[in-house]
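K.L.:
Sequences listed follow chains A and B, in order.
Here the first sequence is numbered in the UniProt record's numbering, starting from 1 and rising by one per residue.
Here the second sequence is numbered in the UniProt record's numbering, starting from 1 and rising by one per residue.
Every residue gets a Cβ at the ideal spot worked out from N, C-alpha and C, and that includes glycine.
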Amino acid sequence: MSAAKKTHNTEDFLQMYRQMARIRTFEDNANQLYLSAKMPGLTHMYSGEEAVAVGICEALRMTDKITSTHRGHGHCVAKGADFKEMFCELLGKEEGYCRGKGGSMHIADQSNGNLGANAIVGGSMGIATGSAFTAKMLGKDDVTVCFFGDGATAQGLMYEVMNMAALWSLPVIYACENNGYSEYTRTEEIAAGSILGRAQAFGIEAHQVDGQDVLAVNALTEKLVDRCRKGEGPFFMELMTYRYHGHHVGDINREYYRSKQEERDWKENRDPIIRFRSWLVAEGIATEAELDSLNADIRADASAAVEYALQAKYPDVSEVDMHVYAA
Amino acid sequence: MRKITLSQAVNEALAEEMRRDPTVFIIGEDVAEAGTPFKVLSGLVEEFGTQRVVDTPIAEPGFMGIAVGAAMTGTRPVVDLMFGDFLFLVMDQLCNQAAKTHYMSGGKLNVPLVLRTNMGATRRSAAQHSQSLHALVAHVPGLKIAMPSSAYEAKGLMKTAIRDNNPVVIFEDKLMYNDKAGVPEEEYLIPFGQANVLQEGVDITLIGTSSMVQVCQAAAEVLAKEGISAEVIDPRTIVPLDEETLLKSAKKTSRVIIVDEGHQSYGVTGEIASRINEKAFYHLDAPVLRLGAMDVPVPFSPALEDITVPTPERVADQARRLVRGELIHAA
Ligand SMILES: Cc1ncc(C[n+]2csc(CCOP(=O)(O)OP(=O)(O)O)c2C)c(N)n1
Ligand SMILES: [Mg+2]
């Protein structure tokens with residue numbers, strides 16, 4: 001673990017741990033819902049990448065904005081969402097954050113500055129940059145973080161908006177979650193040259209960081225967010241991470257593109273939660289017992305939310321043509 | 001006759017054409033080892049290699065553009081667009097470039113490419129992975145649009161598409177990939193612009209595209225039990241459109257419903273209805289009815305999604321009312 005910032009107190013650290021554990025627990029439950037055929041459709045699990053969303057979002061204020069991806073449950077939790085509304089959304093229920101209209105791929109707690117999860121790879125890059133444009137235009141000090149995967153770096157839109165963001169010094173941070181794969185293809189096969197170099201070509205300061213180290217991610221983000229607020233943006237981060245599940249929950253037989261050995265190595269040796277937990281205990285910030293009880297609370301919370309969502313109402317059919325146009 | 005899935009039928013069509021013509025190649029995301037998320041292309045890279053089954057980064061406008069240029073210079077690309085919804089990303093290359101090149105060059109340049117993609121809701125995939133956008137491209141002169149309604153159709157239409165000297169967009173219904181149908185072992189092609197009359201009838205004509213053909217057939221079955229004889233027609237290609245067959249049927253039965261999974265407004269149903277109104281007006285006993293998908297983004301929730309698409313019950317219901325003369329003054 002990287003050295004922690006002095007300004008952090010015990011509660012900040014526990015909050016980071018709690019948020020990572022909440023994401024993992026949310027995903028375990030979502031996967032269970034899929035496996036037991038209780039969840040409509042497919043979903044993309046964020047398990048393994050928790051330190052990225054949490055390290056970044058813990059450096060943001062509620063009013064800062066993020067844009068999320070098809071693998072968006074982690075961003076949603078990290079930006080402050082509650083389990084109940086999230087599970088309701090996953091099951092297409094009326095009380096979901098999007099009233100059941102979005103589902104897994106569009107899940108977002110809009111009231112916490114989440115501008116939406118996007119099912120179009122790279123589709124949110126314009127939105128994030130536009131959000132930063134608003135901040136500058138209206139003289140607010142909000143920062144926007146654009147989450148996207150390594151695969152999304154192939155989209156042309158990214159280069160168009162990075163160019164403008166750099167020209168206009170917009171307060172946006174492009175956060176590339178490099179989990180080594182773009183669907184069923186290794187990143188090396190779809191990305192020529194250097195990913196950081198692409199941002200640097202526009203004069204954008206770019207950093208690579210260990211995405212399994214929540215403190216490193218958080219420390220870097222805090223610095224960049226501060227500088228964004230002072231008008232020094234945009235910035236680019238490449239967060240090296242790993243997804244534990246298949247591309248989506250249905251991607252079970254995946255040895256043709258990714259070995260079990262590789263998966264085991266990441267899970268056993270680089271797990272962001274296990275690593276942070278050992279650090280918390282070693283530093284005397286929390287005891288094993290305290291963390292166990294925290295985990296138990298989170299699990300109970302998740303079970304209750306799942307139960308609630310399973311029983312919750314579907315939207316009334318009259319909602320089908322509601323919200324096509326704003327009033 | 002042996003039965004194979006729609007997915008296998010597409011795979012066979014591609015393999016046969018690639019064997020026949022070395023300039024045919026496939027390009028798209030995860031088309032090689034992965035064989036696409038729907039596994040439609042499984043096995044092709046093993047036979048044809050990565051030179052002809054080309055995996056790309058997630059760069060739809062980029063590989064679409066490369067395909068247009070490759071098609072103009074002596075190859076026949078089959079572009080694999082993973083979801084029909086991604087058409088919005090490739091619109092410039094498809095509609096401003098591919099569709100117009102032959103015309104703008106005074107007939108000197110051709111763009112013989114196939115864009116194979118999909119359509120169809122009720123897969124619980126929400127608004128950006130469920131659209132049926134065929135009307136959008138059908139609006140652009142220079143593109144041909146095929147909509148296979150079964151494994152048999154998918155194979156024959158794909159082979160014709162690959163041999164066509166124009167850009168062709170083929171929409172497969174992603175919910176039909178595992179549906180089986182009789183497909184002969186011998187080679188066959190299905191010409192464009194020739195509708196298929198699946199079932200003859202005298203009281204009403206049901207025109208359906210893609211999976212809506214099955215919806216029309218199911219409705220016809222229900223209607224038959226009530227003594228209403230429905231004719232079911234699949235246009236197969238909406239551009240070119242076999243007007244003659246559609247008009248002949250409309251004149252015979254005097255009542256028509258068109259069923260299509262695109263949004264109802266400004267879509268395929270409206271276009272066909274209008275042509276029938278214009279050219280068979282004096283033969284009609286009732287207004288031509290349209291049944292498309294609701295004019296809403298496709299919702300995720302099953303409770304909402306299911307009511308956005310036409311069903312056999314709704315088709316049969318409308319048909320009954322037409323036959324009873326109830327809808328003559330329909331609003
Ligand atoms: C424009 C577009 N093209 C293709 C897809 C299909 N697709 C969904 S996720 C994905 C891979 C994305 O990889 P990456 O950006 O690295 O994100 P990860 O899944 O690894 O988190 C693809 C190709 C899509 N949703 N949108
Ligand atoms: Mg990735």
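When the cut-off is 8 Å and only beta carbons count, does Ala319(B) lie next to chain A?
P.N.:
Chain A, which has no Cβ nearer than 8 Å to the Cβ of Ala319(B), makes this no.
K.L.:
Any heavy atom of ligand 2 closer than 7 Å to the CB of Tyr181(A)?
P.N.:
For ligand 2, at least one heavy atom lies less than 7 Å from the Cβ of Tyr181(A).
K.L.:
Please confirm whether any heavy atom of ligand 1 lies closer than 7 Å to the CB of Met82(B).
P.N.:
Distances between the C-beta of Met82(B) and the heavy atoms of ligand 1 include at least one below 7 Å.
K.L.:
For Tyr184(A), I'd like the list of residues in its chain whose CB is within less than 6 Å of its CB, leaving aside the five on either flank, ordered along the chain.
P.N.:
Tyr257
K.L.:
Taking C-beta pairs closer than 8 Å, name the residues in chain B that Gly246(A) reaches, listed in chain order.
P.N.:
Those within 8 Å of Gly246(A) in chain B number zero; the least Cβ separation is about 11 Å.
K.L.:
For a cutoff of 8 Å on Cβ pairs, would you count Asp321(A) as touching chain B?
P.N.:
yes
K.L.:
Is any non-hydrogen atom of ligand 2 found closer than 7 Å to the C-beta of Gly149(A), if you look at the structure I gave you?
P.N.:
yes
K.L.:
Could you check where the beta strand (DSSP E) with residue 358(A) kicks off and where it finishes?
P.N.:
This structure cannot speak to residue 358(A), because chain A is shown only from 1 to 327.
K.L.:
Which class does Tyr174(A) belong to by DSSP, given the choice of helix, strand or coil?
P.N.:
strand
K.L.:
Could you check the C-alpha separation between Ala331(B) and Leu304(B) for me, to the nearest Å?
P.N.:
Here the model assigns Ala331(B) a pLDDT of 47, short of 50, so the residue's position is not dependable, and the following value carries that caveat. The alpha-carbon atoms of Ala331(B) and Leu304(B) are separated by roughly 25 Å.
K.L.:
On a Cα-Cα basis, can you pick out the residue from Arg61(A), Phe87(A) and Asp82(A) that is closest to Gln32(A)?
P.N.:
Phe87(A)
K.L.:
Quick one: what does DSSP say Lys144(B) is sitting in, helix, strand or coil?
P.N.:
Of the three classes helix, strand and coil, the one that applies to Lys144(B) here is strand, per DSSP.
K.L.:
Compile a chain-ordered list of the residues in the region 181-206 of chain A whose CB is closer than 8 Å to at least one CB of chain E.
P.N.:
You won't find chain E in this structure, because its protein chains are A and B.
K.L.:
Name the residue from Ser229(B), Ile272(B), Val40(B) and Gly142(B) whose alpha carbon lies nearest to the alpha carbon of His102(B).
P.N.:
Ranking Ser229(B), Ile272(B), Val40(B) and Gly142(B) by Cα distance to His102(B) puts Gly142(B) first.
K.L.:
Classify Ser318(A) as helix, strand or coil using the three-state DSSP reduction.
P.N.:
DSSP places Ser318(A) in the helix class (H, G or I) of the three-state scheme.
K.L.:
Tell me which same chain residues have a C-beta within less than 6 Å of the C-beta of Ile173(A), skipping the five on either side of it?
P.N.:
Val145, Leu224 and Phe235
K.L.:
Rounded to the nearest angstrom, what separates Ile56(A) and Leu220(A) at their Cα positions?
P.N.:
9 Å
K.L.:
Going by DSSP, which residues form a beta bridge with Ile26(B)?
P.N.:
Val53(B) and Val78(B)
K.L.:
Any idea if Lys6(A) is buried or exposed, counting beta-carbon neighbours within 10 angstroms, 16 or more meaning buried?
P.N.:
For Lys6(A), the predicted model reports a pLDDT of 49, less than 50, meaning its position is unreliable; a value from the coordinates is still stated below. Label assigned to Lys6(A): exposed.
K.L.:
Rank Thr5(B), Val10(B), Val202(B) and Thr50(B) by C-alpha distance to the C-alpha of Ile162(B) and give the top, closest one.
P.N.:
Val10(B)
K.L.:
Using a Cβ cut-off of 9 Å, pull out every chain B residue sitting near His106(A), in sequence order please.
P.N.:
Ala126, Ala127, Gln128 and Phe300
K.L.:
What residue ranges within the region 96-156 of chain A form continuous beta strand (DSSP E) runs of no fewer than 3 residues, ordered along the chain?
P.N.:
DSSP runs (the beta strand (DSSP E)) wholly in the region 96-156 of chain A: 114-117 and 144-149.
K.L.:
Name the chain A residues whose beta carbon is nearer than 9 Å to that of Ile307(B)?
P.N.:
Val317 and Val320
K.L.:
Between the region 27-46 of chain B and chain A, which residues of the former have a C-beta closer than 8 Å to a C-beta of the latter?
P.N.:
Within the region 27-46 of chain B, the residues whose Cβ lies closer than 8 Å to any Cβ of chain A are, in chain order, Glu29, Asp30, Glu33, Ala34 and Pro37.
K.L.:
Which residues in the same chain as Val209(A) place their Cβ atom closer than 8 Å to its Cβ, once the five residues preceding and following it in sequence are excluded?
P.N.:
Ala216, Val217, Leu220, Met237, Glu238, Leu239 and Met240
K.L.:
Determine, for Ile66(B), whether the minimum Cβ-Cβ distance to residues of chain A falls below 8 Å.
P.N.:
no
K.L.:
Of the choices Ala78(A), Glu89(A), Glu11(A) and Thr67(A), whose alpha-carbon is the least far from that of Val306(A)?
P.N.:
Glu89(A)
K.L.:
Does ligand 1 have a heavy atom nearer than 7 Å to the CB of Ala175(A)?
P.N.:
Result no, Cβ not under 7 Å from ligand 1.
K.L.:
By alpha-carbon positions, which one of Val214(A), Phe83(A) and Lys230(A) ends up nearest to Ala135(A)?
P.N.:
Lys230(A)
K.L.:
Taking buried to mean at least 16 other C-beta atoms within 10 Å of its own C-beta, is Ile252(A) buried or exposed?
P.N.:
exposed
K.L.:
Looking only at its own chain, which residues have a Cβ that is under 8 Å from the Cβ of Asp12(A), when we skip the five neighbours before and after it?
P.N.:
Glu58
K.L.:
Below 8 Å between beta carbons: does that hold for Cys76(A) and Ile107(A)?
P.N.:
yes
K.L.:
Where Gln318(B) and Asp285(B) are concerned, what is the direct C-alpha to C-alpha distance, given to the nearest angstrom?
P.N.:
14 Å
K.L.:
Buried or exposed: where does Ile274(A) fall if 16 or more other Cβ atoms within 10 Å of its Cβ makes it buried?
P.N.:
Exposed, by the Cβ-count rule.
K.L.:
Nearest chain B C-beta to Lys6(A) closer than 8 Å, yes or no?
P.N.:
Model confidence at Lys6(A) stands at a pLDDT of 49, short of 50, so the residue's coordinates are unreliable; what they give is reported in the following sentence. Closer than 8 Å: no.
K.L.:
Distance cutoff 8 Å, beta carbons only. Does Ala331(B) sit that close to anything in chain A?
P.N.:
Reliability of the predicted coordinates at Ala331(B) is poor, the pLDDT of 47 falling under 50, and no value is obtained from them.
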